[in-house]
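Single-structure report; data block below.
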Amino acid sequence: MQASVVYWLSANYRASGAAVAMDASPAVMMRNAMHKLAKRWTRRFDDMAQKLADRFANDAMKNADTSLDIA
(Lines of atoms letter the chains of each structure in order from A and count residues from 1; the text may use other names and numbers.)
(Lines give C-alpha, C1' and ligand atoms only; values in the text may rest on other atoms or scores of the structure.)
Protein backbone atom coordinates (compact mmCIF):
# COMPACT_ATOMS: atom_id res chain seq x y z
CA MET A 1 0.00 0.00 0.00
CA GLN A 2 2.74 2.46 0.96
CA ALA A 3 4.62 1.87 -2.29
CA SER A 4 1.42 2.45 -4.26
CA VAL A 5 0.71 5.73 -2.45
CA VAL A 6 4.26 6.99 -3.01
CA TYR A 7 4.14 5.98 -6.68
CA TRP A 8 0.83 7.71 -7.40
CA LEU A 9 1.69 10.85 -5.45
CA SER A 10 4.99 11.14 -7.32
CA ALA A 11 3.29 10.51 -10.66
CA ASN A 12 0.61 13.13 -9.97
CA TYR A 13 3.18 15.69 -8.89
CA ARG A 14 5.38 15.12 -11.94
CA ALA A 15 2.37 15.17 -14.29
CA SER A 16 1.13 18.49 -12.96
CA GLY A 17 4.42 20.25 -13.78
CA ALA A 18 4.00 23.97 -14.45
CA ALA A 19 0.25 23.84 -13.89
CA VAL A 20 0.89 23.71 -10.16
CA ALA A 21 2.56 27.11 -10.26
CA MET A 22 -0.46 28.73 -11.87
CA ASP A 23 -3.28 26.73 -10.33
CA ALA A 24 -3.74 25.18 -6.90
CA SER A 25 -0.97 25.00 -4.35
CA PRO A 26 1.08 21.79 -4.25
CA ALA A 27 -0.21 21.11 -0.74
CA VAL A 28 -3.84 21.23 -1.89
CA MET A 29 -3.05 19.03 -4.88
CA MET A 30 -1.29 16.46 -2.66
CA ARG A 31 -4.13 16.52 -0.12
CA ASN A 32 -6.67 15.81 -2.86
CA ALA A 33 -4.51 13.03 -4.32
CA MET A 34 -4.08 11.45 -0.88
CA HIS A 35 -7.83 11.63 -0.30
CA LYS A 36 -8.45 9.73 -3.56
CA LEU A 37 -5.82 7.13 -2.69
CA ALA A 38 -7.26 6.69 0.80
CA LYS A 39 -10.70 6.02 -0.69
CA ARG A 40 -9.18 3.51 -3.12
CA TRP A 41 -7.34 1.60 -0.38
CA THR A 42 -10.31 1.71 1.99
CA ARG A 43 -12.41 0.12 -0.75
CA ARG A 44 -9.76 -2.58 -1.29
CA PHE A 45 -9.56 -3.34 2.43
CA ASP A 46 -13.35 -3.47 2.66
CA ASP A 47 -13.44 -5.95 -0.24
CA MET A 48 -10.81 -8.16 1.42
CA ALA A 49 -12.35 -7.99 4.90
CA GLN A 50 -15.18 -10.44 4.26
CA LYS A 51 -12.88 -12.99 2.63
CA LEU A 52 -10.44 -12.78 5.53
CA ALA A 53 -13.21 -13.04 8.11
CA ASP A 54 -14.67 -16.13 6.41
CA ARG A 55 -11.26 -17.77 6.21
CA PHE A 56 -10.52 -17.02 9.86
CA ALA A 57 -13.90 -18.38 10.99
CA ASN A 58 -13.55 -21.55 8.91
CA ASP A 59 -10.01 -22.19 10.17
CA ALA A 60 -11.06 -21.59 13.78
CA MET A 61 -14.00 -23.98 13.39
CA LYS A 62 -11.79 -26.63 11.78
CA ASN A 63 -9.21 -26.33 14.58
CA ALA A 64 -11.91 -26.51 17.26
CA ASP A 65 -13.45 -29.60 15.64
CA THR A 66 -10.05 -31.28 15.45
CA SER A 67 -9.32 -30.50 19.10
CA LEU A 68 -12.70 -31.88 20.17
CA ASP A 69 -12.24 -35.03 18.09
CA ILE A 70 -8.90 -35.71 19.77
CA ALA A 71 -10.25 -35.10 23.29
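Note that the sequence shown covers residues 1115 to 1185 in the numbering used here. From the three backbone atoms N, C-alpha and C, an ideal C-beta is built for every residue, glycine too.
key: Start and end residues, alpha helix (DSSP H) containing M1162   = P1140 to I1184
message = Using only CA atoms, which one of A1147, P1140 and Q1164 lies nearest to V1120?
response = A1147
query = Measuring CA to CA, which of D1179, A1178 and Y1127 is closest to R1145?
reply = Y1127
query = Thinking C-beta only, is S1124 closer than 8 Å to M1143?
reply = no
message = Tell me the rounded alpha-carbon separation between A1185 and N1177.
response = 12 Å
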